[in-house]
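Written below as structure tokens is the structure these notes are about.
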Amino acid sequence: MDRVKRGATATAVALLTAAVSALVAALLVTPTPASAAVAASAGGTAWVGSATWSVIPTSSTTGTPSAGALTLTYSLGLLGPSGPQYFDVVNTGTHALVSTDYTLNLSVSGLLSLGSTSVTLTSCSTTWNTSANTCGGTTTLIGTFSGGSSSIDSTDAPLASASRVHIQATVSTSILQVATLTVVANTSVSSASPRDVSAATTTNQ
Amino acid sequence: MAAHAAHTSERRSGRTAFAIAFVAVAVALTGAGAYAGLNATATGTASVSSGTLSLTLAAGSGSAGFPQTITNMAPGDVINTYVDLSNGATMAGQALTLGVTGSGSTTLTTNATKGLEVSVNQCSVAWTATTGVCSGTTTPLGTASDPVATLASTPTTLVSGSVATSTTYHLQVSLTLPNQSETTVNGVTPTTTIQGLSTTLTYTFSENQRTATTTNE
């Protein structure tokens, strides 16, 4: 008789446990009224890529230059400074430009370094004849740089992507010097103040 | 003596048989009585159909709509896309929102200041997609401009109230790379740059069903 009672009790406990488990499961699975509401959606996609803007000075006349400044060295002797040097500036970005900022850092070291020294940048619409120091096309003055560091924002620049401008860098001194002039040429392009990147556009498509 | 015992046993068996028969008849009669009771029913019918909720997105007249490819975006650039968003099912909606997510994790989609921004304007008639002109009434929907970095997790509400059935919204969806100052020196970009990045944006317009109603009829 006791065995029968114990069996009945065990069955009842099992049934109660199952019922409670089922209730808990139902509460967990049943969505809240908010999520049960009907919703609809529609959409689309767009692939978006941003531009790059970059100008790099290089002594090479071909190819894509590596990032970095360009250093030019001149001798300032009793007979005057050494002759012009030539370099290119290349638009390595994907975006067109309206100008480029040229910054030259001039430093003179030597026995006699009195007076002032300046560097003049002139572009040629074609290529420079570096032996004769002549331009087969049209020359344009970018500007004259003096002092330790100075900058000029010029429209005479590689405006189109992958284009390049050929530049002649000529040194002038106010008095004879016996020294070495080191010129570090930097180019920078900004998206604002002043904006070197071509004007923003609105496209309807 | 033996004969008397046999007679007594026969009498008991007979009583038992009689008792069983009596109970069987009683049960039968009781059951028969139940089935024989009166029954009445009344019925009615109700035709019930559930509503449907549907949003569809189509290119606006003269526009390529989505999907689209946008290349070479520079600071300040704006790309306007024209779409028609329709609530064309049987049930009104409410709380129309726009969420935008971007693939990958770049400044374009994670930076709320320098990254892409989205704004939406509605025209009461179809937009002239080629010029971006609304010949009717233009209504800004949602906030003026939302960064994708925000829209990815918090969709903007375009219409907070009801969205009637058979309604078509003529929308101008504007994607902007905000103006910002970023200078590249000798080909070297700043550490946090906006340049040369890409992402695939997914625009999702959503609405909920209208508020549930209780009707007494």
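As they're listed, the protein sequences go chains A and B.
Going by my numbering, the first residue of the first sequence is number 1, and it counts up by one from there.
Going by my numbering, the first residue of the second sequence is number 1001, and it counts up by one from there.
Every residue, glycine too, gets a C-beta built ideally from N, C-alpha and C.
Fair warning: this is a prediction, and the values are worked out from it, not measured in the lab.
| query | What is the DSSP secondary structure of B/A1149, counted as helix, strand or coil? | reply | helix
| said: Excluding the 5 residues flanking B/L1197 on each side, which residues of the same chain have their C-beta closer than 7 Å to its C-beta? | reply: T1106, T1107, L1108
| Nearest to B/S1103 (by Cα), restricted to the options B/T1211, B/L1201, B/G1161, B/L1175 | For B/S1103, the nearest C-alpha among the options comes from B/L1201.
| request: Leaving aside the five residues before and after B/T1130 along the sequence, list all residues of the same chain whose C-beta is less than 8 Å from its C-beta, in chain order. | output: G1062
| query | Considering only residues of the same chain and omitting the five flanking positions on each side of B/T1056, which have a CB-CB separation below 8 Å? | reply | L1085, S1086, G1088
| field | Under 8 Å between C-beta atoms of A/A192 and B/Q1180 | value | yes
| request: State the Cα-Cα distance for the pair A/G157 and A/T100, rounded to the nearest angstrom. | output: Here the sequence assigns Ala to residue 157 of chain A, which means Gly is not the residue at that position. Each residue's alpha carbon lies about 6 Å from the other.
| query | Roughly how many whole angstroms lie between the Cα atoms of B/T1192 and A/I175? | reply | Our two residues, B/T1192 and A/I175, have alpha carbons roughly 46 Å apart in a direct line.
| With 8 Å set as the bound, which would you pick, yes or no: does the beta-carbon of A/P158 sit closer than that to a beta-carbon of chain B? | no
| message | Under 8 Å, with one C-beta from each stretch per pair, do the stretch 138-145 of chain A and the stretch 69-78 of chain A reach the 3-pair mark? | response | no
| query | Where does B/L1057 sit, in a helix, a strand or coil, going by DSSP? | reply | Secondary structure of B/L1057 (DSSP, three-state): strand.
| When the distance is taken between beta carbons, is A/L106 closer than 8 Å to A/G147? | yes
| message | Please list, in chain order, the chain B residues whose beta carbon lies closer than 8 Å to that of A/P194. | response | Correct list: empty, because the minimum Cβ distance to chain B is about 10 Å.
| said: Using DSSP's beta-bridge definition, name the partner residues of A/G143. | reply: A/L121
| task | For B/G1051, count neighbouring Cβ atoms within 10 angstroms of its own Cβ and tell me buried if that reaches 16, exposed if not. | result | exposed
| Which of helix, strand or coil DSSP assigns to A/L159 | coil
| task | Taking 8 Å as the cut-off, decide whether the C-beta atoms of A/A46 and B/P1178 are in contact. | result | If you check the CB distance, A/A46 and B/P1178 do not come in under 8 Å.
| Partners in chain B for A/A51, counting only beta-carbon separations shorter than 7 Å | N1072, M1073, A1074, Q1195
| request: Check whether the Cβ of B/A1129 lies closer than 8 Å to any Cβ atom in chain A. | output: yes
| field | For A/S109 and A/T173, believed in contact at Cβ under 8 Å, the rounded distance | value | About 14 Å separates the two Cβ atoms, so there is no contact after all.
| query | In or out: A/T201 buried (at least 16 other Cβ within 10 Å) or exposed? | reply | exposed
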